[in-house]
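Using my numbering, read the sequence shown as starting at 1123 and increasing by one per residue.
Ideal Cβ placement from N, Cα and C applies to all residues, glycine included.
Computed from a predicted structure; not experimentally measured.
Here is the structure we will look at.
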Amino acid sequence: MQELLEKIEKRRTFAIISHPDAGKTTLTEKLLLYGGAIHLAGSVKARKSNKHAVSDWMEIEKQRGISVTSSVLQFDYAGHRVNILDTPGHQDFSEDTYRTLMAADSAVMLIDAAKGVEPQTKKLFWVCHRRKLPIFTFVNKLDRYGRNPFDLMAELEQVLGIHAYPINWPIGIDGNYKGVYDRIKKQIELFEDDNSHGSKILKSTTGSLDDPQIIEALGQELYDNLCNDIELLDLAGDEFDMTRVNNGELTPLFFGSAMTNFGVRSFLEKFLELSPQPQPRILQNGEILDPSTEEFSAFVFKIQANMNPAHRDRIAFMRICSGVFEKGMSVYHKQGGKVVKLSQPQQFLAQERTIVEKAYPGDIIGVFDPGIFGIGDSLSDEKMKVQFEDFPVFPPEIFARVQPKDSLKRKQFVKGITQLAQEGAIQVFEQKDIGIESFIVGVVGVLQLEVLEYRLINEYSAQLLMNQLAYTVARWVYAEDKKLIDNIKGLDSGMLVYDQKDRPVILVNNEWSLNWILERNPGIQFLTVPSDV
Ligand code: GDP
């Protein structure tokens, strides 16, 4: 028990959220660099040998330069076990991001110093805020032109409604910064260019606020500006209050530059000190499960097939919520209703996968999935048989009819579509009794359709015929009397299909059509999320 408590206390599991291009890949890499998990960060490697960032697993991500899937990376730093959940920045993959956030205990919100709060930052912030995740903010790209830090703080407050407590503060004229002042250590840290372009751990000069050498290096004007800023923050700024941070009302704010490594180490250390250890989880029956509960429990938040083209395997990623995971263990799979052995348990250390002997609450492990797990599934010690709260489901907004180009490849096609649906990469619907071999695929972002096509060709050798449909709205249909559903009236401009669990769904062009149908079909209800009733 004591051992379990100690392990929990040392763990930090978080996701980085940001708008594309804010520097998430770069920051992730730098954290790995400081954690000793890699020795040379990818920014230099990429230029020299065309190798890409370590967290980009899929070929398609490299081609498009965006992170499509969320990956998980783990490293140790100063006695802490750090689990970073990487999330795709592109909005077309936000479903994946939402699911990944279910596995995090806190979030790091990354902001480009020149751009401030961007649309995707806003969306992701609200998801974290709704879940009351503590949010830590890192303002990146301090090495080049950036906005006035007071303006950025005001923007966080106005746009996101969150107050910020700056842990450090940029020194210099707006847009031309020399370093940062650490408000906790009361120490100045100045950039020192080592010509490595951020590939190595950065050297910097530090000194106290009254160090004559530092004052000289800054010049009197910058020094006076800094003293004024600090005074203003102390007088007019928020008090640091950990309870407000934990409730998601106050965000500790850091300034730095992931590319040049500036401020990365101090951010990491302070973050590990302040961020929450693995938190209790809510069960479907409303009860709370504490991580120190001795019995093992976990939930699946991500499934990924063919991560490694050399082994056509499928991995279910789970977050451990309580107890201890031990290699070779069998657990109760709530959704499947039986005991299963978790085989080939793995953890992910930069580019390498390692077999896990033991893992603890907050840890993310991947296990071999013979095709039995689904997103949101609960696993636990047989004594507990817990079920965690449901995962959010998003109604798709883009639809396409897909069928195999070559009917001889039908089997691979069906297998690919089914597996990608289980991964949660697409939602699949079927039209009944139409006599053609096709599926209706629903997605939230159009890029998901491109990924579907790419993956079916590359992983299943199946070419597609794809026709995008004019529908934009999907609703699950509920009626006490099932016959009403079979005889729905007014569906001229819509389509009745069935999801993978054989639940009826209607697809229509717009909200107006929904009302038109509702008026003509008393006794029918439309639901934005599936209901099993
Ligand atoms: P992501 O889309 O959020 O993962 O962003 P990336 O990490 O791929 O970074 C986007 C671009 O910003 C790349 O060209 C990076 O080299 C650059 N970048 C990242 N961090 C910094 C930084 O601290 N300073 C500067 N000047 N550029 C940065």
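- With distances taken between CA atoms, residue 1283 lies nearest to 1257 out of 1437, 1257, 1303.
- Where residue 1566 is concerned, there is no enclosing beta strand (DSSP E), because DSSP gives it neither an H nor an E.
- Exclusion of the five residues before and after residue 1622 leaves 1543, 1550 as the residues of its chain whose Cβ lies within less than 7 Å of its Cβ.
- Judged by their CB atoms, residue 1229 and residue 1250 are nearer to each other than the 7 Å cut-off.
- Cβ-Cβ separation between residue 1227 and residue 1401: approximately 5 Å, consistent with a contact (criterion under 8 Å).
- When only Cα atoms are considered, residue 1368 and residue 1648 end up about 37 Å apart.
- Contact between residue 1417 and residue 1449 is ruled out by a C-beta separation of about 17 Å, above the 8 Å threshold.
- At least one heavy atom of the ligand GDP is found less than 6 Å from the C-beta of residue 1146.
- Within the segment 1279 to 1343, the alpha helix (DSSP H) runs of at least 4 residues that lie entirely inside it are, in chain order, 1334 to 1340.
- Membership of residue 1141 in any alpha helix (DSSP H) is not indicated, and neither H nor E is assigned to it by DSSP.
- In this structure, residue 1276 has its CB at a distance of at least 6 Å from all heavy atoms of the ligand GDP.
- Annotated three-state conformation of residue 1148 is helix, per DSSP.
- Under the DSSP assignment, residue 1373 falls in the beta strand (DSSP E) whose first and last residues are 1372 to 1377.
- Straight-line measurement puts the Cα of residue 1359 at about 14 Å from the Cα of residue 1277.
- Beta-bridge partners of residue 1463 (DSSP): 1452.
- Taken atom to atom, the span from the alpha-carbon of residue 1411 to that of residue 1442 is near 12 Å.
- A straight-line Cα-Cα distance of about 37 Å links residue 1153 and residue 1583.
- A straight line joining the alpha-carbon of residue 1392 with that of residue 1356 spans about 19 Å.
- Not one heavy atom of the ligand GDP falls within 6 Å of the beta-carbon of residue 1237.
- Contact annotation: residue 1607 and residue 1599 have beta-carbon atoms nearer than 7 Å.
- By the Cβ neighbour-count rule, residue 1476 is exposed, with fewer than 16 other Cβ atoms within 10 Å of its own.
- Taken atom to atom, the span from the alpha-carbon of residue 1601 to that of residue 1613 is near 16 Å.
- Residue environment: residue 1123 is assigned as exposed (fewer than 16 neighbouring CB atoms within 10 Å of its CB, all protein chains considered).
- In the displayed model, residue 1129 falls within a helix according to three-state DSSP.
- Minimum Cα-Cα distance from residue 1575 among the listed residues 1567, 1585, 1566 corresponds to 1585.
- Proximity of the segment 1134 to 1151 to the segment 1231 to 1243 meets the contact definition, three or more beta-carbon pairs being nearer than 8 Å.
- A contact is defined here as three or more CB-CB pairs under 8 Å, and the segment 1234 to 1243 fails this definition with respect to the segment 1191 to 1209.
- Within the chosen limit of 6 Å, the ligand GDP does not reach the beta carbon of residue 1228 with any heavy atom.
- Less than 7 Å divides the Cβ of residue 1419 from the Cβ of residue 1502.
- Rounded to whole angstroms, the Cβ separation of residue 1289 and residue 1310 is 14 Å, and the two are not in contact under 8 Å.
- Of the residues 1221, 1348, 1268, the one whose Cα lies closest to the Cα of residue 1425 is 1221.
- The ligand GDP has a heavy atom closer than 6 Å to the beta-carbon of residue 1266.
- Counting along the chain, residue 1626 sits inside no alpha helix (DSSP H); it lies in the beta strand (DSSP E) bounded by residues 1626 to 1630.
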